[in-house]
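The structure appears below as C-alpha cells.
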Amino acid sequence: MQQHASSTETGMTRQVNETGINLRDKCLKPGDDNEAAQQAIAKAEQAMEQLSVNFDDWIATESRQLSKSRDDARAASYSDDTLRDLFQSAHNLKGQATTLGYPFADEICASLCRLIDKIPDKSRLPFLLIDQHVDAVRAVVAERAKGTDNPKASVLAKRLHDVTGDFLAQEMARNRP
Amino acid sequence: MAKIAFDELRFVVADDNAHMRRIVRTLLRAFGSREIYEAEDGASGLEAVEAYSPDILITDITMPIFDGIELTRMIRNPEGCRHPFLPIIVLSAYSEKKHVIAARDAGATEFLCKPVSATALYRRIQNVISNPRDFVRTKTYFGPDRRRYINSNYSGVERRTGNPGDNVVDPNQVELEA
Chain L
1 MQQHASSTET GMTRQVNETG INLRDKCLKP GDDNEAAQQA IAKAEQAMEQ
51 LSVNFDDWIA TESRQLSKSR DDARAASYSD DTLRDLFQSA HNLKGQATTL
101 GYPFADEICA SLCRLIDKIP DKSRLPFLLI DQHVDAVRAV VAERAKGTDN
151 PKASVLAKRL HDVTGDFLAQ EMARNRP
Chain U
178 MAKIAFDELR FVVADDNAHM RRIVRTLLRA FGSREIYEAE DGASGLEAVE
228 AYSPDILITD ITMPIFDGIE LTRMIRNPEG CRHPFLPIIV LSAYSEKKHV
278 IAARDAGATE FLCKPVSATA LYRRIQNVIS NPRDFVRTKT YFGPDRRRYI
328 NSNYSGVERR TGNPGDNVVD PNQVELEA
C-alpha cells in the first residue's frame, strides 16, 4: 500500500514517512553505537586487506581497458561514441584506482576526464596529450607505482595535470566571445 | 545509544563495474549484511529494487541503459515504482558540485564520492538509518527534504508556504492507494 500526499498549486507539502520504511525500528538494537561502528569498520578494513591480493590484477585489467578504449577512439577518429567510451574507461579507473592502491593513476585519469569533459570544441582535442595520459597510467600500473611516495609517478601526474590545465585555459580563452 | 544490526538489512548495489561491486559487497558483508543483490546497469537496478524490496540502494551514476540519476528519479516516482521512499546512496567518482546537485534533485538520500572507504560508507548508512529526513513533494520534486539545516543568515523570501507545522501531512488524512 502506498501513501500519497497531494501537493498544492502554490506551495509544497511536507510528507511524513509513513510507508513502513522505518529502519530505526528494523535494525537499531541496544548497544554502544561508537564501539559497534569501530568494530564494523575495522572488520571491513580487514576484509579489504584480504581482498587486496586481487587489486594488482584488477588495475591491470582496467588499464588495458583504458588503452583499448583509446585505440578504438583513435581508429574511429575520436567519434562521439568512442570518445564517450574513452571517458567512461578513464572515469571507471578514476573511481577505483585509489581504493586499489594507485592514487597516481586516479590523478592521471581525473586529468584525462577533465580534458575530455571540459574542452569547448571536441574537434580540437589534443590526441598526443590523450596518449600521454593513457601511457602514463600504463606506466604507473606496470611499474607498480603504488601509494603516494613514488617520485616519478608524482612528477608525471603533476605535469599532466598542469599541461592539461594550461591547455584548457587557452581553449576557453579562444572560445570566449 | 544503539547499534546497527546489519544482518537485518537488505541492499541492492548497482554499478556497471564488477570490481567496484565486489568492493562494496565486501564492505557490506564485513559490516554484517547477508542480503546483498547486485545490478550492472540502471534497468537491472530498477528490476532488483522491485524484485527484492531492499532497505537501501547504493548506486553508481554512470551506468548503461539508464544512469543512477535516472534510476533515482524512477524510484522516486510513486507511479513507476513500489518503493518511492527507498533510501538511496549515490556512490560516484563524480565529485563536482553539479553532479551532487543533480543527484540531490533527483531525490538521492546521500552522496558518497569514490574512492570509497569503510568509514565513509558506514557513516552514510548510519546517517540514513539514524537520521531519516521527511519526504517533500512539490510540483517538480519528490524526495527527502533537501534542506538539511536552517540557515540563520538567509534573508530572502520564505518559499515554502504556511507555517512549518501546517506543512506536515497528517498521516490520517493522506490518500491511500492500493
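Going line by line, the protein sequences match chains L and U.
The numbering of the first sequence is this note's numbering, which starts it at 1 and goes up by one.
The numbering of the second sequence is this note's numbering, which starts it at 178 and goes up by one.
Each residue gets a CB set at the ideal place from its N, CA and C atoms; glycine is no exception.
Please read these numbers as outputs of a predicted model, since none were measured by experiment.
Asked, Found
"Beta-carbon proximity check, L205 (chain U) vs F188 (chain U), cutoff 7 angstroms", "yes"
"Residue from L:L112, L:S77, L:D80 and L:G165 with nearest C-alpha to N92 (chain L)", "L:L112"
"CB contact flag (I238 (chain U), Y271 (chain U), <7 angstroms)", "yes"
"Residues from the region 129–140 of chain L in contact with chain U, defined by Cβ distance under 7 angstroms", "none"
"Limits of the unbroken beta strand (DSSP E) element including P30 (chain L)", "L28 to P30"
"With 16 other Cβ atoms within 10 Å as the buried cut-off, status of E354 (chain U)", "Unreliable positioning characterises E354 (chain U) in this predicted model, as indicated by a pLDDT of 42, which lies under 50. The coordinate reading is nonetheless provided below. E354 (chain U) is exposed by the Cβ-count criterion."
"Proximal residues of chain L, C-beta to C-beta of G209 (chain U) below 7 angstroms", "A40"
"Short CB-CB distance (under 7 angstroms) between A195 (chain U) and chain L", "no"
"Rounded distance between the beta-carbons of L160 (chain L) and Q132 (chain L), thought under 8 angstroms", "6 angstroms"
"Exposed unless 16 or more other CB atoms sit within 10 angstroms - verdict on G95 (chain L)", "buried"
"Pairwise C-alpha distance: A228 (chain U) and E217 (chain U)", "15 angstroms"
"Any chain L beta carbon closer than 7 angstroms to K274 (chain U)", "no"
"Partners in chain L for L204 (chain U), counting only beta-carbon separations shorter than 8 angstroms", "A44, A47 and M48"
"Spatially closest choice to F87 (chain L) from L:I108, L:F55, L:E143 and L:T98, by CA coordinates", "L:I108"
"Collapsed DSSP secondary structure at D192 (chain U) in the structure displayed", "coil"
"Distance, E35 (chain L) Cα to R300 (chain U) Cα", "13 angstroms"
"Cβ-Cβ separation, Y102 (chain L) to G141 (chain L) (assumed contact under 8 angstroms), whole Å", "Looking at the sequence provided, one finds Val at residue 141 (chain L) rather than Gly. Going by Cβ atoms, the distance from V141 (chain L) to Y102 (chain L) rounds to 7 angstroms, so yes, they are a contact pair."
"From L:L23, L:D32 and L:E45, residue whose alpha carbon lies closest to that of L298 (chain U)", "L:E45"
"Chain L residues whose Cβ lies nearer than 9 angstroms to that of P231 (chain U)", "Simply none; closest approach about 10 angstroms."
"C-beta contact flag for T286 (chain U) and P255 (chain U) at 7 angstroms", "no"
"Entirely enclosed beta strand (DSSP E) segments - the region 129–166 of chain L, minimum 3 residues", "none"
"Closest by C-alpha distance to R325 (chain U), when choosing among U:V313, U:S332 and U:V293", "U:V313"
"Own chain residues within Cβ distance below 7 angstroms of R310 (chain U), not counting five before or after", "P321 and D322"
"Within chain L, the residues that S307 (chain U) reaches when beta carbons sit closer than 9 angstroms", "L23, R24, L28 and D33"
"3 or more residues per run - each beta strand (DSSP E) lying fully within the region 232–282 of chain U", "233–236 and 265–269"
"DSSP bridge partner residues for Y214 (chain U) (one or two, in chain order)", "U:V189"
"Cα-Cα separation, G31 (chain L) to E62 (chain L)", "42 angstroms"
"CB contact flag (D184 (chain U), G219 (chain U), <7 angstroms)", "no"
"Alpha carbon of G257 (chain U) to alpha carbon of V267 (chain U), nearest angstrom", "20 angstroms"
"Sequence-distant residues of its chain with Cβ nearer than 8 angstroms to Y318 (chain U) (five each side left out)", "D282 and G284"
"Of the residues L:R124, L:P177 and L:D106, the one placed nearest K146 (chain L), counting alpha carbons only", "L:D106"
"7 angstroms CB neighbourhood of K274 (chain U) in its chain, flanking five on each side removed", "none"
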